[in-house]
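In our numbering, the protein residues as written are 22 to 314.
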């Protein structure tokens with residue numbers, strides 16, 4: 022970024038001429054996210070309402086373009102990096118949010134579990150250890166009292182406070198598990214989100230001809246990592262009067278997980294009276310839907 026050029030443009034933002042502002046805005050937006058810290062610094066040092074309003078508008082525009090582009094690239098990549106997907110979504114509210122500090126928090130949690138794991142443990146034993154680290158040692162828990170609070174769906178706040186909605190708990194669980202090379206994936210049930218632990222060898226031994234998906238067992242992150250089998254899903258679908266589609270028993274794509282996160286966020290914002298925020302999330306939902314086949 023040409024810092025001198027950017028600063029020169031910022032100094033023109035209080036020009037009353039709308040044409041000048043339009044040209045300056047276009048020029049600053051070409052710098053992308055790199056110019057946001059300079060804009061925020063100018064905002065903090067100014068008492069000019071017009072300048073502050075214009076800076077807010079430019080920062081929001083730059084951030085929206087950046088988030089949309091990054092989300093499309095992430096969805097097209099096909100990578101199962103849910104932490105990155107959740108980080109992109111959180112940037113709608115936190116433009117300066119960086120990915121690496123979030124990864125470092127996940128690595129620290131993973132390191133706690135790694136000290137207790139060894140290759141002789143069964144999948145169930147590994148999950149019990151991970152449950153202890155997540156729900157006992159690090160105090161992650163479902164925010165049932167504020168279930169529809171939008172902050173439950175922001176990865177940075179969830180890692181900071183431990184308060185999560187079901188999808189965010191699942192994302193954090195998967196992120197930690199994958200650091201430990203544990204084969205845990207998301208499963209998108211109707212109005213619910215669970216996890217699946219895959220082990221082709223052990224599931225074949227356990228279920229024989231009845232096994233066709235390598236799933237050894239399921240995990241409910243919203244119930245402190247409770248482990249259960251396929252019959253519980255059967256019962257859930259029956260109780261909720263949902264059809265028994267095969268995908269309700271199988272791992273879903275990363276894009277489906279982040280789509281579910283966005284759908285929960287949109288609902289939270291609508292219930293909280295933030296229609297503008299709900300509209301922003303709807304744009305992300307549309308991007309994800311375009312990349313789900």
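Virtual Cβ for every residue (Gly too), placed ideally from N, Cα, C.
Keep in mind that this is a model prediction, so the values were computed, not measured.
Rounded C-alpha distance that separates residue i from residue j
i: residue 193; j: residue 182; result: 13 Å
i: residue 146; j: residue 190; result: 20 Å
i: residue 89; j: residue 309; result: 10 Å
i: residue 163; j: residue 105; result: 21 Å
i: residue 307; j: residue 143; result: 41 Å
i: residue 239; j: residue 251; result: 8 Å
i: residue 80; j: residue 46; result: 10 Å
i: residue 120; j: residue 94; result: 15 Å
i: residue 26; j: residue 289; result: 41 Å
i: residue 128; j: residue 266; result: 36 Å
i: residue 343; j: residue 212; result: No answer is possible for residue 343: it lies beyond the span of the chain, which begins at 22 and ends at 314.
i: residue 242; j: residue 153; result: 12 Å
i: residue 101; j: residue 204; result: 12 Å
i: residue 311; j: residue 283; result: 14 Å
i: residue 198; j: residue 76; result: 41 Å
i: residue 222; j: residue 51; result: 52 Å
i: residue 159; j: residue 185; result: 13 Å
i: residue 253; j: residue 201; result: 27 Å
i: residue 130; j: residue 148; result: 14 Å
i: residue 108; j: residue 172; result: 13 Å
i: residue 61; j: residue 24; result: 14 Å
i: residue 256; j: residue 244; result: 17 Å
i: residue 116; j: residue 226; result: 49 Å
i: residue 248; j: residue 118; result: 34 Å
i: residue 65; j: residue 219; result: 51 Å
Proximity of residue i and residue j at Cβ, strictly below 8 Å
i: residue 293; j: residue 169; result: yes
i: residue 123; j: residue 177; result: yes
i: residue 113; j: residue 63; result: no
i: residue 103; j: residue 278; result: yes
i: residue 54; j: residue 98; result: no
i: residue 132; j: residue 276; result: no
i: residue 305; j: residue 110; result: yes
i: residue 71; j: residue 35; result: yes
i: residue 216; j: residue 195; result: yes
i: residue 33; j: residue 41; result: yes
i: residue 156; j: residue 246; result: yes
i: residue 174; j: residue 84; result: no
i: residue 210; j: residue 126; result: no
i: residue 274; j: residue 313; result: yes
Neighbourhood of residue i by C-beta distance below 7 Å, restricted to the same chain and skipping five residues each side
i: residue 214; result: 187, 188, 191, 207 and 281
i: residue 150; result: 134, 137 and 138
i: residue 67; result: 73
i: residue 263; result: 211
i: residue 82; result: 50
i: residue 161; result: 155, 183, 185, 190 and 193
Residue i: first and last residue of the uninterrupted alpha helix (DSSP H) it sits in
i: residue 309; result: 296-310
i: residue 198; result: 187-200
i: residue 86; result: 70-98
i: residue 40; result: 39-50
i: residue 240; result: No alpha helix (DSSP H) holds residue 240; the beta strand (DSSP E) holding it covers 236-241.
i: residue 6; result: As shown, the chain starts at 22 and ends at 314. That puts residue 6 outside it, with no answer to give.
i: residue 28; result: 24-31
i: residue 290; result: 275-293
i: residue 178; result: 176-182
i: residue 60; result: 57-65
Element boundaries [beta strand (DSSP E), containing residue i]
i: residue 320; result: For the chain, the structure presents residues 22 to 314; residue 320 sits outside this window and is missing.
i: residue 152; result: First-last for residue 152: 144-152, but that is the alpha helix (DSSP H), not the beta strand (DSSP E).
i: residue 130; result: Looking at the DSSP string, residue 130 is not in any beta strand (DSSP E); the run it does join, the alpha helix (DSSP H), is 120-135.
i: residue 218; result: 213-219
i: residue 229; result: Unbroken run through residue 229: none, as it is neither H nor E.
i: residue 210; result: 205-210
Cut-off 8 Å between Cβ atoms - residues of its own chain near residue i, not counting five sequence neighbours on either side
i: residue 28; result: 59
i: residue 296; result: 290
i: residue 78; result: 46
Contact with chain C by residue i, beta-carbon distance below 8 Å
i: residue 185; result: This model lacks chain C altogether, as it is built from one protein chain only.
Quiz item: Can we say the region 259-273 touches the region 289-300, given the rule of at least three CB pairs closer than 8 Å?
Solution: no
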